[in-house]
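Below is one structure, written out as structure tokens; the observations come after it.
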């Protein structure tokens with residue numbers, strides 16, 4: 001009774017299930033990091049938001065990141081269908097939107113350095129939160145770029161799991177921003 | 001079902017989700033701009049609903065323990 005062949009079906013766990021559980025455990029550990037940062041923000045600043053923070057840029061980059069989640073969703077479904085062309089197309093759209101998001105954050109940073117430098121209380125919180133989030137967006141972009149390149153070569157025609165994992169990571173980064181956006185720009 | 005119809009069915013939860021997220025983001029922005037009392041609670045609830053939409057529609061949280069889908 002040491003091999004899966006001798007076990008009844010209900011006692012076996014597929015590779016895909018194991019992969020998914022592992023990915024969600026990773027998301028859970030990342031949630032602890034982001035939750036800690038969010039709690040720190042409210043502990044240090046209460047419900048105050050700096051009046052010079054750009055609401056317009058905040059809204060635009062939020063809309064772009066949400067839109068990228070839709071294109072990522074389409075890429076994942078196309079990969080599960082085995083549609084290489086559509087997977088590649090939607091991954092490239094997601095990459096483009098993600099790059100625009102990072103450019104938006106960079107633009108915001110250029111403004112923020114003079115309005116509330118990193119040494120100030122709000123500046124510390126703002127640069128920490130946007131910086132750690134942007135780092136995750138950039139790692140997501142690298143992941144998606146690898147997927148895009150492999151997808152072009154047809155490496156996911158038979159197994160869509162890598163695309164699913166990369167896209168889910170991208171959605172996770174989006175979920176984090178759903179909480180960071182009001183905490184930094186709205187309140 | 002034709003391929004086009006199948007793709008439309010596949011797309012619909014994503015379209016519903018992105019439209020919901022857009023509306024909720026607009027509501028968030030208006031609540032913040034209006035400077036009404038209790039806005040912190042409202043923004044928290046909206047953020048939780050947005051996260052739930054992404055987790056269910058885009059991340060398929062219900063499928064974690066499934067072998068397919």
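Chains as they are written, first to last, in my numbering: chain A, 1 to 187; chain B, 1 to 69.
Just so you know, even glycine gets a beta-carbon here, dropped at the ideal spot from N, CA and C.
Just so it is clear, the structure is predicted and the values come from calculations on it, not from any experiment.
Can you tell which of the options has the C-alpha that lies nearest to the C-alpha of residue i?
i	options	result
residue 34(A)	146(A), 96(A) and 134(A)	134(A)
residue 156(A)	121(A), 85(A) and 62(A)	85(A)
residue 189(A)	4(B), 30(B), 20(B) and 2(B)	The requested residue 189(A) is not part of the displayed model; chain A covers only 1 to 187.
residue 168(A)	15(A), 14(A) and 21(A)	21(A)
residue 80(A)	2(B), 5(B) and 10(B)	10(B)
residue 137(A)	154(A), 152(A) and 171(A)	171(A)
residue 45(A)	15(A), 123(A) and 148(A)	123(A)
residue 100(A)	111(A), 57(A) and 117(A)	57(A)
residue 112(A)	36(A), 49(A), 182(A) and 176(A)	49(A)
residue 51(B)	66(A), 43(A), 186(A) and 61(A)	66(A)
residue 57(B)	8(B), 16(B) and 2(B)	16(B)
residue 182(A)	82(A), 25(A), 126(A) and 94(A)	126(A)
Under the rule that 16 or more other beta-carbon atoms within 10 Å means buried, what is residue i, buried or exposed?
i	result
residue 32(A)	exposed
residue 1(A)	Here residue 1(A) scores only 47 on pLDDT, less than 50, and its place in the model is too uncertain to base an answer on.
residue 121(A)	exposed
residue 4(B)	exposed
residue 174(A)	buried
residue 41(A)	buried
residue 28(B)	buried
residue 18(B)	buried
residue 15(A)	exposed
residue 184(A)	buried
residue 43(B)	buried
residue 25(B)	buried
residue 28(A)	exposed
residue 32(B)	buried
residue 117(A)	exposed
residue 97(A)	buried
residue 12(B)	exposed
residue 54(B)	buried
residue 18(A)	exposed
residue 71(A)	buried
residue 37(B)	exposed
Listing by chain order, which chain B residues have their CB less than 7 Å from the CB of residue i?
i	result
residue 61(A)	Ordered by position in chain B, no residue passes the 7 Å Cβ test against residue 61(A), which lies about 11 Å from the chain.
residue 21(A)	64
residue 73(A)	14 and 58
residue 162(A)	Within 7 Å Cβ-Cβ: nothing; residue 162(A) doesn't reach chain B, min ~16 Å.
residue 47(A)	40
residue 24(A)	64
Which chain A residues are close to residue i, counting only those with a beta carbon under 9 Å from its beta carbon?
i	result
residue 54(B)	66, 69, 171, 172, 174, 175 and 178
Mind listing the chain A neighbours of residue i? Cutoff is C-beta to C-beta under 8 Å, in chain order.
i	result
residue 20(B)	In chain order: nothing, as chain A lies at least about 10 Å away.
In chain A, what lies closer than 7 Å to residue i by C-beta?
i	result
residue 37(B)	Going along chain A, no residue has its Cβ under 7 Å from residue 37(B), so there is no contact; the nearest lies around 12 Å.
residue 2(B)	The premise fails here: residue 2(B) is roughly 14 Å from chain A at the closest Cβ pair, so nothing lies under 7 Å.
Quick one: which chain B residues come within Cβ less than 9 Å of residue i?
i	result
residue 77(A)	7, 10, 11 and 14
Taking Cβ-Cβ distances shorter than 8 Å, what residues in chain B pair up with residue i?
i	result
residue 187(A)	32, 39, 40 and 43
residue 117(A)	Under the 8 Å cutoff, chain B gives no residues; its nearest Cβ is about 24 Å from residue 117(A).
Between residue i and chain C, is the shortest Cβ-Cβ distance under 8 Å, so that the two count as touching?
i	result
residue 58(A)	Looking for chain C here will not work: the only protein chains present are A and B.
Below 8 Å, can you find three or more Cβ-Cβ pairs linking the region 59-78 of chain A to the region 86-102 of chain A?
-> yes
Would the region 156-164 of chain A and the region 116-134 of chain A be scored as touching if the rule is three or more Cβ pairs under 8 Å? no
| message | Can you confirm whether the region 106-117 of chain A touches the region 46-60 of chain B when touching is taken to mean that 3 or more C-beta pairs between the two stretches lie within less than 8 Å? | response | no
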